[in-house]
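If you read the protein sequences in the order shown, they are chains V and D. Using the working numbering, the letters of the first sequence map in sequence onto residues 160 to 416. Using the working numbering, the letters of the second sequence map in sequence onto residues 9 to 22. For every residue, glycine included, the Cβ atom is placed at its ideal position computed from N, Cα and C.
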Amino acid sequence: MLEAKLSEAALLKRLLDAVKELVSDANFECNEEGIQLQAMDNSHVALVSVKLYASGFKRYRCDRPLPLGVNLGSLTKVLKCAKDDDICTLKAGDDADILSLTYEAKSAYADRIAEYEMKLMDIDADQLGIPDTDYDASVTMPSSEFLRIVRDLSLLGESVRIEVSKEGIRFVSDGEAANGNILIKQNAEASGKKKGSIEMNSAVTLTFSLKYLVNFSKSSSLSKKVQLMMSNDVPLLVSYAFNQGHIRYYLAPKIGD
Amino acid sequence: AKQQGRLDGFFTAK
Numbered sequence: 160m161l162e163a164k165l166s167e168a169a170l171l172k173r174l175l176d177a178v179k180e181l182v183s184d185a186n187f188e189c190n191e192e193g194i195q196l197q198a199m200d201n202s203h204v205a206l207v208s209v210k211l212y213a214s215g216f217k218r219y220r221c222d223r224p225l226p227l228g229v230n231l232g233s234l235t236k237v238l239k240c241a242k243d244d245d246i247c248t249l250k251a252g253d254d255a256d257i258l259s260l261t262y263e264a265k266s267a268y269a270d271r272i273a274e275y276e277m278k279l280m281d282i283d284a285d286q287l288g289i290p291d292t293d294y295d296a297s298v299t300m301p302s303s304e305f306l307r308i309v310r311d312l313s314l315l316g317e318s319v320r321i322e323v324s325k326e327g328i329r330f331v332s333d334g335e336a337a338n339g340n341i342l343i344k345q346n347a348e349a350s351g352k353k354k355g356s357i358e359m360n361s362a363v364t365l366t367f368s369l370k371y372l373v374n375f376s377k378s379s380s381l382s383k384k385v386q387l388m389m390s391n392d393v394p395l396l397v398s399y400a401f402n403q404g405h406i407r408y409y410l411a412p413k414i415g416d
Numbered sequence: 009a010k011q012q013g014r015l016d017g018f019f020t021a022k
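Below is the structure:
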């Protein structure tokens with residue numbers, strides 16, 4: 160059985176928000192290490208991988224590996240019934256056919272305990288092995304800055320070319336009616352304060368769909384920083400780390416000409 | 009114009 164108690168429902172709400180438009184159904188793989196979700200979108204262009212460490216929960220118990228097949232739309236609805244600061248407990252039995260969620264709140268006049276149950280489903284999905292990759296370029300920047308860049312450029316065109324060079328990282332969008340490019344230079348003062356960093360072994364140029372990057376940027380509410388890892392001709396890794404775990408996205412580049 | 013690539017081939021089934 161699984162019993163996992165989170166100190167704030169907001170974490171799950173934000174995670175669902177950051178995943179549900181890419182993937183409609185997914186297995187929450189629960190084991191003694193924590194809860195993991197890994198799924199590819201229908202078009203096999205993007206993969207999302209979420210990890211919640213057991214240590215990130217107020218209480219965590221999982222006796223044996225348990226895949227919980229979740230319809231993310233249904234879970235989103237059930238989580239909407241929780242207040243952000245409610246204590247949230249997830250429970251499932253070994254037969255994994257029902258997920259129960261309990262929301263507890265203390266207020267000035269009374270304690271409220273709300274209980275919800277949702278049906279789980281059998282999802283036949285291959286677990287994918289993600290190879291360790293030595294990336295040619297690694298860029299860490301404020302997640303709000305990345306959100307703003309991809310949102311702005313998505314107004315101009317469908318794609319963004321990301322160029323990492325000695326100059327810094329440049330985001331370029333060539334739209335039909337307008338184009339734009341944004342250069343972020345390594346700033347000695349800023350890097351000293353650990354606001355961001357650009358590390359590069361060799362120059363990288365890759366082109367990506369902005370629609371996906373805008374979608375990934377929903378994770379900005381989970382972490383103040385985002386890390387972009389790139390090598391030529393391999394998927395981009397967009398990683399957000401938070402206290403209780405991480406969310407990572409892999410995105411296939413656009414190819415050819 | 010560039011075509012959208014796929015992830016197939018980058019990850020292996022466990």
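Using only CA atoms, which one of Ala296(V), Pro301(V) and Asp244(V) lies nearest to Ile321(V)?
Ala296(V)
Excluding five sequence neighbours on each side, which residues of the same chain lie with their C-beta closer than 7 Å to the C-beta of Ala213(V)?
Glu191, Glu192, Gly193 and Tyr219
Ala21(D) versus Lys265(V) - alpha carbon distance:
45 Å
Applying the 10 Å Cβ sphere with the 16-neighbour rule, what's the burial state of Lys236(V)?
exposed
Counting contacts by CB-CB distance shorter than 9 Å, is Tyr409(V) in contact with chain D?
yes
Report all residues from its chain with a CB closer than 6 Å to the CB of Gln386(V); omit the five preceding and five following residues, and keep chain order.
Thr299 and Ser398
Who are the Cβ neighbours of Ile341(V) in its own chain at under 6 Å, not counting the five residues just before and after it?
Ile308 and Phe330
State yes or no: is the C-beta of Val363(V) within less than 9 Å of the C-beta of Met389(V)?
Taking 9 Å as the cut-off, the Cβ atoms of Val363(V) and Met389(V) count as close.
Roughly how many angstroms lie between the CA atoms of Asn402(V) and Gly339(V), to the nearest whole one?
35 Å
In the DSSP assignment, the alpha helix (DSSP H) including Leu206(V) goes from what residue to what residue?
Element bounds for Leu206(V): not the alpha helix (DSSP H) but the beta strand (DSSP E), Ala205 to Tyr212.
In chain order, which beta strand (DSSP E) runs of at least 3 residues are fully inside the stretch 211–280 of chain V?
218–221, 225–230, 246–251, 257–265 and 270–278
Lys100(V) at chain D interface by Cβ criterion, 9 Å:
In the structure as shown, chain V begins at 160 and stops at 416. Residue 100(V) is therefore absent and cannot be evaluated.
Simplified DSSP assignment, three categories, for Val393(V):
Here Val393(V) sits in coil by DSSP.
Tell me the residue span of the beta strand (DSSP E) that contains Arg329(V).
Element bounds for Arg329(V): Gly327 to Asp333.
Output, in chain order, the set of chain D residues within a Cβ distance shorter than 7 Å of Val204(V).
Gln12, Arg14 and Leu15
Tell me the start and end of each unbroken beta strand (DSSP E) in the stretch 175–209 of chain V that is at least 3 residues and wholly inside, in chain order.
184–190 and 193–199
Interface partners of Pro394(V) on chain D, CB under 7 Å:
Leu15 and Phe18
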